[in-house]
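If you number the sequence shown the way our numbering does, the last residue is 752 and the count never jumps. Working notes for the structure below.
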Amino acid sequence: MRFLLSFFLLALLLPGAATGEPVAVQPDTTVTVDDGVVVTASRYDASGGVNLTNITHAELALHDPDQALPLLLQSMPGVFAYSDAGSGLGYTYLRVRGFDQRRVGVLFNGIPFNDPEDHQVWWVDLPDLAASIQDIQVQRGVTNSVGGMTAIGGTVNIESADLDYRPGGMFSLGTGSYGFARQMVSYQTGALEGGFRSQVRLSHQESDGYRDRSGYDGWAVFWSGQYETECTTTRVNIYTGRELTHHAWDAVPQSVLAVDRTANMETYAGAVDDFRQPHYELHNTVYLSDAVTLTNRLYFIHGSGFYENYKEAQTAEDYALDRYLGLSADDTVDLIRRKWVRKNHVGWVPSLRWEQGRGRLLVGGDWYTFHSDHWGDVLWADGFTPGDFTTPWKYHQYTGDKDAWSVYVNQRYDVASGLTVVGDLQFQHKRYAFMQDEVGNFSGDLRNAYTVDYDFTNPRGSLTWQVPGSLGGGDLKTWASVGRNHREPTDGELFDTWQSGSDLGARPLFADSLAVLGPGGDIAYVERSGPLVHAERVTDYEVGVAWRGSRLSVTAGGYIMDFRNEIVPYGGVNEDGSSIRGNAGKTLHRGLELGVRAGLAAGHDLSLAASRSWDEFDEFLFHDWDGTTYDFSGNPIALFPSHLLMGAWTGAWSDGVRTRLRVRNTGRQHLDNSGLDDRTIDPWTTVDVSLWLDPVSLGLSGLDGATAFVHLRNIFDTEYETWGYWYGENYLTPAAGRNFALGMDYRF
């Protein structure tokens with residue numbers, strides 16, 4: 005392991021390692037281009053048999069600079085996003101078909117972004133990432149294993165920005181509501197002698213947030229270098245940054261929101277999340293022949309940071325205050341704690357592509373090893389002096405180790421003219437290990453450990469028919485697919501629904517235990533086995549049809565997703581704001597999706613993205629904390645919006661003015677699984693207006709290369725909420741009212 009890591013880091017530092025064609029346009033992985041979006045080995049082309057939507061580079065260039073990446077994806081059917089702060093920065097979350105980020109895979113240049121420990125993608129750790137993206141493809145439903153991963157709700161497949169052959173750069177400034185400010189500068193060297201190209205971006209974003217004490221401050225650097233020869237291309241990406249985010253992840257009681265729309269229940273001013281996550285990527289492609297291409301991707305992700313809380317009336321024993329300060333074990337005290345994490349994630353994603361005339365074969369997989377170290381410090385306790393805390397002590401510590409590998413084969417074959425079949429088979433093996441260290445009062449039978457193995461076989465097949473000839477003046481294509489996938493529980497889902505590995509006395513939810521004795525014969529720790537929270541399994545049935553004419557394109561799709569042991573929200577929340585989850589016996593997700601693009605007149609376009617879903621329990625007995633059992637069979641599943649609708653009209657005017665009118669409507673969401681109408685988030689509608697101006701076309705020749713922009717959002721000042729839960733009453737996360745962002749981009 006150390007040798008592999010050392011070799012990888014050495015490769016990044018060597019001048020010869022900075023080689024390669026831009027990942028987004030690598031000849032080895034490029035299949036075709038659809039709507040301006042590059043289709044690569046980890047993406048689908050027109051014969052892929054999947055419901056998907058593309059966002060082109062031109063569309064990304066019009067993004068709102070004060071919106072994190074998940075919020076920019078809501079122009080796609082079935083995609084929903086929101087932020088804790090109620091504005092656009094800080095902690096933001098993505099849902100596809102109602103499935104949360106844990107079931108939505110993210111690939112960046114073919115490398116998995118999801119954290120192996122909690123399956124999340126923490127977008128907050130990657131400030132201004134949209135400024136370094138070429139294009140995005142969102143694949144909905146159970147997707148293929150190409151790229152070494154699968155997903156349930158969908159896959160967000162991102163390619164980093166192309167490196168131009170000509171030198172140039174860009175400078176951008178922005179400001180707006182709630183203290184928003186952004187500064188960004190980027191530069192590309194163009195083609196240098198010897199075939200080398202390079203690009204660098206520096207960004208800074210900050211915002212006070214819509215809600216009280218929900219501020220965000222993030223900076224980032226993104227560097228890319230590439231080198232190409234006749235038979236190889238190589239690219240290196242190094243990107244990192246730092247985020248400081250005030251806690252706003254707790255929802256607010258509805259009774260409080262009625263009098264204070266910006267309320268935040270976290271009142272401690274030092275409640276800040278401070279995190280860094282540098283990424284190192286090495287992509288190498290070898291063109292073995294005109295038909296065979298070998299690609300290898302290596303990556304290393306390091307994460308380090310903490311968050312801090314003020315905790316009232318805490319039991320002394322839980323924080324080892326009886327051991328360190330001499331308190332009685334059952335004394336209660338107010339204190340400040342800081343929870344740390346340090347992570348190292350190393351992986352390899354190989355793939356071999358063979359073009360076969362009427363077919364195409366892909367063989368590949370992935371391997372990774374992951375280690376995390378979690379610990380908590382006590383910084384202060386009421387009634388004690390600063391001298392008692394000159395060196396913060398650990399009250400808990402645990403480590404997690406994840407080792408996984410997968411292999412897949414993906415065969416596409418053109419059966420007849422216009423008829424294509426695709427078969428995909430993947431095998432995954434994962435081993436997760438957890439160990440609580442002997443720290444504070446974690447000793448003897450209060451220490452826990454477990455090792456869990458998972459083996460999954462994931463098949464998928466699709467059939468696509470390009471209808472011959474012209475129908476109604478356009479081309480018609482239909483497809484159908486069926487696929488199966490699995491997802492293992494996260495570390496947090498293997499513990500008690502109210503507690504985690506940092507809580508003294510918390511027992512992992514396992515059926516069996518074995519006391520492991522130390523050298524003196526005393527219990528050293530307890531080894532757990534037989535997890536009670538099982539991996540979920542889904543079988544996904546998809547159909548779709550697409551028609552494309554000269555000025556109009558329509559795509560419609562439907563799906564039925566049949567789950568066993570789906571891990572679902574219980575309808576509550578733990579102390580860190582995470583949904584409380586467990587297995588349901590059987591659940592069913594059904595939905596319809598529609599995408600429309602129409603050219604109304606020269607320079608004017610209309611787009612529509614709509615979805616309607618029915619997400620419910622077929623079999624689910626809910627066992628409440630007080631022992632009461634509820635039959636939730638037939639009830640809707642919490643936090644799945646019943647429908648999503650996004651419509652946009654864009655106009656390019658002859659005098660250098662570009663406009664966009666956007667309307668978004670989101671359906672009702674249930675806050676828990678009871679199905680009660682009064683435990684819901686009401687539907688809501690917002691309207692946004694954007695304006696871009698070219699100063700040169702307006703007679704300001706001295707501003708050649710500049711573009712000014714203004715974004716006005718929620719112009720009717722709608723009061724609405726985006727997320728929440730039920731805990732004695734409705735708890736809701738409010739979103740911003742009327743707000744704006746404006747600025748200028750300058751390209752040189």
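The C-beta atom is built at its ideal place from N, Cα and C for all residues, glycine as well.
Item to complete: Could you check what DSSP says for Ala62 in three-state terms: helix, strand or coil?
Response: One-based indexing of the sequence shown puts residue 62 at position 58. Ala62: helix per DSSP, three-state reduction.
Item to complete: Within its chain, find whatever has a CB closer than 6 Å to the CB of Asp32; leave out the 5 residues flanking it on each side and keep chain order.
Response: The sequence position of residue 32 within the sequence shown is 28, counting from 1. The pLDDT assigned to Asp32 is 31, lower than 50, so where the model puts this residue is not dependable, and the model offers no usable value.
Item to complete: Report buried or exposed for Gly496, applying the criterion of at least 16 other Cβ atoms within 10 angstroms of its Cβ.
Response: Here residue 496 corresponds to residue number 492 of the sequence shown, with the count starting at 1. Buried, because 16 or more other Cβ atoms sit within 10 Å of the Cβ of Gly496.
Worksheet item: In this structure, does DSSP put Leu450 in helix, strand or coil?
Response: Position 446 of the sequence shown holds residue 450. Note: Leu450 maps to helix in three-state DSSP.
Worksheet item: Can you tell which of Lys481, Leu77, Asp377, Ser646 has the C-alpha that lies nearest to the C-alpha of Asp405?
Response: On the sequence shown, residue 405 is found 401 positions in, with the first residue counted as 1. The residue with the shortest Cα to Cα distance from Asp405 is Asp377.
Item to complete: Quick one: give me the first and last residue of the alpha helix (DSSP H) that Lys74 is part of.
Response: The residue you call residue 74 lines up with position 70 of the sequence shown. For the record, residue 74 in the displayed sequence is Pro; it is not Lys. Taken as a continuous stretch (DSSP letters only), the alpha helix (DSSP H) holding Pro74 covers 73 to 76.
Worksheet item: In terms of residues, what are the limits of the alpha helix (DSSP H) holding Gln258?
Response: Indexing the sequence shown from 1 puts residue 258 at position 254. Its alpha helix (DSSP H) spans residues 258 to 261.
Worksheet item: Which stretch, first to last residue, makes up the alpha helix (DSSP H) that contains Arg107?
Response: Against the sequence shown, residue 107 aligns to sequence position 103. Unbroken run through Arg107: none, as it is neither H nor E.
Worksheet entry | Length of the line joining the Cα atoms of Glu359 and Phe567 | Locating residue 359 in the sequence shown gives position 355, counting from the first residue. Locating residue 567 in the sequence shown gives position 563, counting from the first residue. Those two C-alpha atoms are separated by around 36 Å.
Worksheet item: In angstroms, rounded to a whole number, what distance separates the CA positions of Asp68 and Ala745?
Response: The sequence position of residue 68 within the sequence shown is 64, counting from 1. The sequence position of residue 745 within the sequence shown is 741, counting from 1. Approximately 8 Å, taken between the alpha carbons.
Fill in: Residues sharing a beta bridge with Arg144, DSSP
The residue labelled residue 144 in the question sits at position 140 within the sequence shown. Answer is Asn55, Gly158, bridged to Arg144.
Worksheet entry | Cut-off 6 Å between Cβ atoms - residues of its own chain near Tyr291, not counting five sequence neighbours on either side | One-based indexing of the sequence shown puts residue 291 at position 287. Contacts found: Cys235, Thr297.
Worksheet entry | Nearest neighbour of Val537, chosen from Ser615, Tyr284, Val572, Ala65 [CA to CA] | Mapped onto the sequence shown, residue 537 falls at position 533. Selection Ser615, Tyr284, Val572, Ala65 evaluated against Val537 yields Val572 as nearest (Cα-Cα).
Worksheet item: Can you give the beta carbon distance from Gly213 to Gly309, rounded, assuming they're within the 8 Å contact cut?
Response: Translated into the one-based positions of the sequence shown, residue 213 becomes position 209. Translated into the one-based positions of the sequence shown, residue 309 becomes position 305. Between Gly213 and Gly309, the beta carbon gap of about 19 Å keeps them out of contact (Cβ cut-off 8 Å).
Worksheet item: For the region 659 to 672 against the region 114 to 126, are there 3 or more C-beta pairs whose distance is under 8 Å?
Response: no
Practice prompt. Scan the region 288 to 348 and note each continuous beta strand (DSSP E) run of 3 residues or more that stays entirely inside, going in chain order.
Written response: 296 to 319
Practice prompt. Would you kindly check if the distance between the Cβ of Trp483 and the Cβ of Glu546 is under 9 Å?
Written response: As a position in the sequence shown, residue 546 is number 542, starting the count at 1. As a position in the sequence shown, residue 483 is number 479, starting the count at 1. Contact flag set, yes.
Worksheet item: Excluding the five sequence neighbours on either side, which residues of its own chain have a C-beta within less than 7 Å of the C-beta of Phe446, listed in chain order?
Response: For the purposes of this step, residue 446 is identified with residue 442 of the sequence shown, where counting begins at 1. For Phe446, where only same-chain residues beyond five positions count, the Cβ hits under 7 Å are His400, Gln440, Leu508.
Fill in: Cβ-Cβ distance between Val83 and Val142 below 9 Å
The residue you call residue 83 lines up with position 79 of the sequence shown. The residue you call residue 142 lines up with position 138 of the sequence shown. Between Val83 and Val142, the CB-CB gap stays under 9 Å.
Practice prompt. Measure the alpha-carbon distance for Thr266 versus Thr319 and round it to whole angstroms.
Written response: The residue labelled residue 266 in the question sits at position 262 within the sequence shown. The residue labelled residue 319 in the question sits at position 315 within the sequence shown. Roughly 31 Å between the two C-alpha positions.
Discussion item. For Ser485 and Gly53, I'd like the C-alpha separation in whole angstroms.
Written reply: Taking the first residue of the sequence shown as position 1, residue 485 is located at position 481. Taking the first residue of the sequence shown as position 1, residue 53 is located at position 49. Cα to Cα, the separation comes out at about 6 Å.
Practice prompt. Could you work out which residue in Ala606, Leu325, Asn348, Ile162 is closest to Ile340 when comparing CA atoms only?
Written response: Along the sequence shown, read from residue 1 onward, the residue named residue 340 stands at position 336. With distances taken between Cα atoms, Ile340 lies closest to Leu325.
Practice prompt. Go ahead and pull the three-state DSSP assignment for Pro535.
Written response: Translated into the one-based positions of the sequence shown, residue 535 becomes position 531. Secondary structure of Pro535 (DSSP, three-state): strand.
Item to complete: Please report the Cβ distance between Val382 and Tyr323, rounded to the nearest whole angstrom; I am assuming they are in contact, meaning their Cβ atoms lie under 8 Å.
Response: In the sequence shown, counting from the first residue as 1, residue 382 sits at position 378. In the sequence shown, counting from the first residue as 1, residue 323 sits at position 319. That pair is a contact at about 5 Å.
Worksheet item: Could you give the distance in angstroms between the alpha-carbon of Leu356 and the alpha-carbon of Leu75?
Response: The residue you call residue 356 lines up with position 352 of the sequence shown. The residue you call residue 75 lines up with position 71 of the sequence shown. When rounded, the distance between both Cα atoms is 34 Å.
Practice prompt. Give the straight-line distance between the Cα atoms of Gly562 and Leu596, rounded to the nearest whole angstrom.
Written response: Indexing the sequence shown from 1 puts residue 562 at position 558. Indexing the sequence shown from 1 puts residue 596 at position 592. Each residue's alpha carbon lies about 4 Å from the other.
Discussion item. Can you tell me whether Arg144 is buried or exposed? The criterion is at least 16 other CB atoms within 10 Å of its CB, across all chains shown.
Written reply: The residue labelled residue 144 in the question sits at position 140 within the sequence shown. Buried.
Worksheet entry | Buried versus exposed, by CB contacts within 10 Å (16 or more), Asp681 | If you number the sequence shown from 1, residue 681 lands on position 677. Asp681 comes out exposed.
Worksheet item: How about Thr468 and Leu423: are their beta carbons less than 9 Å apart?
Response: Reading the sequence shown from its first residue, position 464 is the one you call residue 468. Reading the sequence shown from its first residue, position 419 is the one you call residue 423. It is a contact, given that the beta carbons lie within the stated cut-off.
Item to complete: Determine, using beta-carbon pairs with one atom in the region 691 to 703 and one in the region 714 to 723, whether at least three such pairs fall under 8 Å.
Response: Verdict: yes, contact present.
Discussion item. Does Val128 come out as helix, strand or coil in the three-state DSSP assignment?
Written reply: Taking the first residue of the sequence shown as position 1, residue 128 is located at position 124. Three-state DSSP puts Val128 in a helix.
Worksheet item: Shortest alpha-carbon distance to Gly760 belongs to which of Leu736, Trp352, Leu643, Thr389?
Response: Outside the modelled stretch of the chain, which goes from 5 to 752, sits residue 760, for which no answer is possible.
Discussion item. I'd like the span of the beta strand (DSSP E) that includes Gly3, first residue to last.
Written reply: Outside the modelled stretch of the chain, which goes from 5 to 752, sits residue 3, for which no answer is possible.
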